[in-house]
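In my numbering, the protein residues as written are 1066 to 1540. Below is one structure, written out as structure tokens; the observations come after it.
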């Protein structure tokens, strides 16, 4: 598998290199030739040789970044989303490096250069390069996966593997291997203590007691042990039985039974760690979500400012009290923050009752407040919370500390919602669970969002929110 992994890694690197060279040349051609009618050149036409001098440093920075992400490491396989974000970061860092070097070169090394050799870094060219490079690398990686699948179908560099365990974990492992032909693994069968049923096209070849015979007869090169956690001693006995033979042994960790818990694997100075209850919003994913929050919330505050000003004026003219209602909510990691809303109730609405949930027929609502609640316009000031970093555009709705304490007593996994920032809208809200509707189902949807987060899920939720908010009333 290492040999196959090295070949796939090398092919990825070669494809990325070719695409980057082509993208750089094409960006230069578009900026200084094909699109000059649309984007006139003000500072003369620099020779491409000037840019190629800096491009060598681009490739160096680009290669270092991708290797630091272990993108070409044998047996290192990542999901499509993670790969896409790594490509964005790699291309972005490489472009930033070459931009900085170009500015340095312009200031310190070409004061008296003739116009045709004068390098004025083109911002438009670098934007074109980044877009072309990201698109090309994504397409190139897809080509590598397609080629790996064709090679595997022809039997090239395939490792014959046997999965020990035919339960939930073993079947999940077989399914994942089947979905990734670029791994170069052919599952010849499974073994199970109870000699269970076949899974898709993977036959059950016998019981664990038959392992030596099965390994010998089927030419097994790799063992994947996928036994439940309570059978760990049996797994270790299998390791001891085959550790002196020329067979690679891999042990899958039984974390599938931990409902709603996201698990990742990391290491500290070579010591592997299984991270349970981890959040998907780390590294590139967290950066991408934060960038999306900043850009869209700032844009919303600008575009919606006339509407927000009108709402503020109506609130002020029709009822006593402040326009903006400030309330303490629980945010990321259970930290409190001040959340802003347009006031929709009479002043001091909870003075006599204490903290209570609002409902569709709440008599404390003002006439304007009823309309704002129906349209969800009372949430508009929370774009400021998003811009500040207290909230996100998409996430579980943040609750007040008083209700959080009550929910924690009633629902054991409630605090998992606070592994991400609270949102203006969320997966539960677009599926109809808003306000005082079925809290248990709301929590289920929130936990689903937590474990299945992706930037595409966020974009989908944002896209459908305006169409769903009129469907469900009683907010």
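For glycine and all other residues, C-beta sits at the position ideal for the given N, C-alpha and C. Because the structure is a prediction, the values reported are computed rather than measured.
Measure how close the beta-carbons of residue 1448 and residue 1370 come, nearest whole angstrom, since I'm counting them as under 8 Å.
By 1-based counting over the chain shown, the position of residue 1448 is 383. By 1-based counting over the chain shown, the position of residue 1370 is 305. Not really, about 10 Å apart at Cβ, beyond 8 Å.
Taking the CB atoms as reference points, tell me whether residue 1228 and residue 1307 lie closer together than 9 Å.
In the chain shown, residue 1228 corresponds to position 163, counting from 1. In the chain shown, residue 1307 corresponds to position 242, counting from 1. Their beta carbons are not under 9 Å apart, which means residue 1228 does not touch residue 1307 by this criterion.
Assuming residue 1252 and residue 1279 form a contact by the criterion Cβ under 8 Å, report the distance between their Cβ atoms to the nearest whole angstrom.
Looking up residue 1252 in the chain shown gives position 187. Looking up residue 1279 in the chain shown gives position 214. Wrong, their Cβ atoms sit about 13 Å apart, outside the cutoff.
Just reading off the beta strand (DSSP E) that residue 1453 is part of, what are its end residues?
To locate residue 1453, count along the chain shown from 1; it is residue 388. Residue 1453 -> not in any beta strand (DSSP E); alpha helix (DSSP H) instead, spanning 1447 to 1453.
Leaving out five residues on either side along the sequence, give the residues of the same chain with a beta carbon under 7 Å from the beta carbon of residue 1148.
The count along the chain shown starts at 1 and reaches residue 1148 at position 83. Once the five neighbours on either side are set aside, the close Cβ partners of residue 1148 are 1206.
Could you pull the start and end residues of the beta strand (DSSP E) that residue 1097 belongs to?
Here residue 1097 is taken as the residue at index 32 of the chain shown, counted from 1. Bounds of any beta strand (DSSP E) do not take in residue 1097, whose DSSP letter is neither H nor E.
Opposite residue 1390 in the DSSP bridges: which residues?
Here residue 1390 refers to the residue found at position 325 of the chain shown. DSSP lists 1406 as partners of residue 1390.
Buried or exposed by the 16-neighbour rule on C-beta atoms within 10 Å, applied to residue 1453:
Residue 1453 sits at position 388 when you count from the first residue of the chain shown. Exposed, because fewer than 16 other Cβ atoms sit within 10 Å of the Cβ of residue 1453.
In whole angstroms, what is the alpha-carbon distance linking residue 1484 and residue 1397?
Along the chain shown, one-based indexing puts residue 1484 at 419. Along the chain shown, one-based indexing puts residue 1397 at 332. Looking at the two C-alpha atoms, the distance is approximately 6 Å.
If you draw a straight line from the C-alpha of residue 1470 to the C-alpha of residue 1401, how long is it?
Locating residue 1470 in the chain shown gives position 405, where the first residue counts as 1. Locating residue 1401 in the chain shown gives position 336, where the first residue counts as 1. Distance between the alpha carbons of residue 1470 and residue 1401 is about 13 Å.
Segments of 3+ residues assigned as beta strand (DSSP E) that fall wholly inside the region 1486 to 1531:
1488 to 1490
Checking the sheet assignment: what are the DSSP bridge partners for residue 1313?
Locating residue 1313 in the chain shown gives position 248, counting from the first residue. Answer is 1287, bridged to residue 1313.
Residue nearest to residue 1073 in terms of C-alpha spacing, selected from 1359, 1366 and 1250
Within the chain shown, the letter at position 8 stands for residue 1073. Of the listed residues, the one whose Cα sits closest to residue 1073 is 1250.
Just to check my reading of the structure: residue 1128 and residue 1198 have Cβ atoms closer than 8 Å, yes? What is that Cβ distance to the nearest angstrom?
Residue 1128 sits at position 63 when you count from the first residue of the chain shown. Residue 1198 sits at position 133 when you count from the first residue of the chain shown. About 13 Å separates the beta carbon of residue 1128 from that of residue 1198, a gap too long to meet the 8 Å contact definition.
For residue 1283 versus residue 1355, is the C-beta spacing smaller than 9 Å?
For this step, residue 1283 is matched to residue 218 along the chain shown. For this step, residue 1355 is matched to residue 290 along the chain shown. No, these two residues do not count as a Cβ contact at 9 Å.
Nearest neighbour of residue 1357, chosen from 1530, 1532, 1158 and 1524 [CA to CA]
Within the chain shown, residue 1357 is the residue found at index 292, counting from 1. Nearest option by C-alpha distance: 1524.
Would you check if the distance between the CB atom of residue 1201 and the CB atom of residue 1087 is smaller than 9 Å?
The sequence position of residue 1201 within the chain shown is 136, counting from 1. The sequence position of residue 1087 within the chain shown is 22, counting from 1. Yes.
Buried or exposed for residue 1190, going by 16 or more other Cβ atoms inside 10 Å?
Walking along the chain shown from the start, residue 1190 turns up at place 125. The residue is buried, with at least 16 neighbouring Cβ atoms inside 10 Å.
Considering only their Cβ atoms, is the gap separating residue 1234 from residue 1317 smaller than 9 Å?
On the chain shown, residue 1317 is found 252 positions in, with the first residue counted as 1. On the chain shown, residue 1234 is found 169 positions in, with the first residue counted as 1. Yes, the pair counts as a contact, with Cβ atoms nearer than the cut-off.
Which of helix, strand or coil does DSSP assign to residue 1306?
Here the question's residue 1306 lines up with position 241 in the chain shown. Helix at residue 1306.
Under the DSSP definition of a beta bridge, which residues are partnered with residue 1271?
Taking the first residue of the chain shown as 1, we reach residue 1271 at position 206. 1256.
Residue range of the unbroken beta strand (DSSP E) whose run includes residue 1294
On the chain shown, residue 1294 is found 229 positions in, with the first residue counted as 1. Here residue 1294 belongs to no beta strand (DSSP E), and DSSP marks it neither H nor E.
Look up residue 1216 in the DSSP assignment and say whether it is helix, strand or coil.
One-based indexing of the chain shown puts residue 1216 at position 151. Residue 1216 falls in the helix class under three-state DSSP.
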